[in-house]
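Have a look at the structure below, then the notes.
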Amino acid sequence: MEGTPVTVASVRDVGPDTVALELETPPEFDAAPGQFVLLRAAPEGEEIARHYTLSSPSVGETFELTVGIDPDGDLSPWLADLEGGETVHVEGPFGNITYERDRDVVAVAGGPGVGPAVSIAEAAREAGHEAVVIYRDDAPAHTDRLEALEDDGATVHVLEGDADDELAAAIDSHVDDGQVYAFGFADFVTAVADAIEDAGGDPDDALIENFG
Ligand SMILES: Cc1cc2nc3c(=O)[nH]c(=O)nc-3n(C[C@H](O)[C@H](O)[C@H](O)COP(=O)(O)OP(=O)(O)OC[C@H]3O[C@@H](n4cnc5c(N)ncnc54)[C@H](O)[C@@H]3O)c2cc1C
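Letter by letter, the sequence shown follows residues 726 to 937 of our numbering.
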């Protein structure tokens, strides 16, 4: 199997249908918040590869991926059932969307996009910058980290899954508050780009990762 073999250190529930996979960092591996890896595994003996975005603000002895479980999916339910100690293969990091701890951020997330959004906000606060998180999900994950961010001075908006108007209003309020990042599946990031434009911003200035 291509990629570097990596041990799964732990898997824990971080919300409804959402797990955080802690992976042992391979030698020479370095990544910035916002980047993603290609993860390969063979659940039924047949190799599957999927992309996952870092959800830890840094890469030390381990790094974290947040996986939304698609019950009909081929890989995410299998990943969620891991217990730790297994080996998966990782390539990367990939992606030009990075946070370099150099500015204020507005991190917008739908579904499992909350992982990278929270990690970028945490990195911003660690570096002394302002952070806004706008997160739309019917069943929010990483609520403990969102609360910790709020306690640390970040602005956090958690919106219902169908809250289109509230999403647009939150983006309108914060579009000029820092570098805008957006993470989520296609419908969500398209709605975010439209809302940025409606708010008078330029979607091309936003760093948007489409999960497909
Ligand atoms: C750059 C990038 C970053 C990403 N980061 C993350 C992340 O941080 N966290 C995260 O959770 N996800 C992320 N994703 C999405 C992730 O890579 C997977 O797509 C996701 O986990 C689903 O994989 P799966 O194998 O479980 O589901 P899949 O097997 O890919 O299936 C997904 C859905 O499609 C349906 N489907 C599959 N094949 C067909 C078909 N032939 N016809 C009709 N329907 C079909 C399935 O029923 C299922 O509902 C990212 C994607 C990209 C591109």
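For each residue, glycine too, the CB sits at the ideal point set by N, CA and C.
Worksheet entry | Boundaries of the alpha helix (DSSP H) in which G840 is found, first to last residue | V839 to E851
Item to complete: Could you tell me which residues DSSP pairs with A774 in its beta bridges?
Response: R765
Worksheet item: Less than 9 Å separating the beta-carbons of D876 and G793?
Response: no
Discussion item. Does the beta-carbon of S844, which I'm using as the reference point, lie nearer than 8 Å to any heavy atom of ligand 1?
Written reply: no
Discussion item. Just to confirm the assignment: which complete alpha helix (DSSP H) runs, minimum length 4, are found wholly within the stretch 881-924?
Written reply: 889-899 and 911-923
Worksheet item: Can you name, in chain order, every residue of its own chain whose Cβ lies under 7 Å from the Cβ of G740, other than the five neighbours on each side?
Response: A864, P865, A866, H867 and T868
Worksheet item: Among A766, A894 and G853, which residue has its Cα nearest to the Cα of L874?
Response: G853
Discussion item. Taking 8 Å as the cut-off, is the C-beta of E825 nearer than that to any heavy atom in ligand 1?
Written reply: no
Discussion item. Tell me which residue opens and which closes the beta strand (DSSP E) that T787 is part of.
Written reply: T787 to G793
Worksheet item: So, is T942 buried or exposed, given that buried needs 16 or more other C-beta atoms within 10 angstroms?
Response: Beyond the ends of the chain as shown, which are 726 and 937, falls residue 942; an answer cannot be given.
Discussion item. Please tell me whether, using a cut-off of 8 Å, the distance from the CB of V792 to the nearest non-hydrogen atom of ligand 1 is below it.
Written reply: yes
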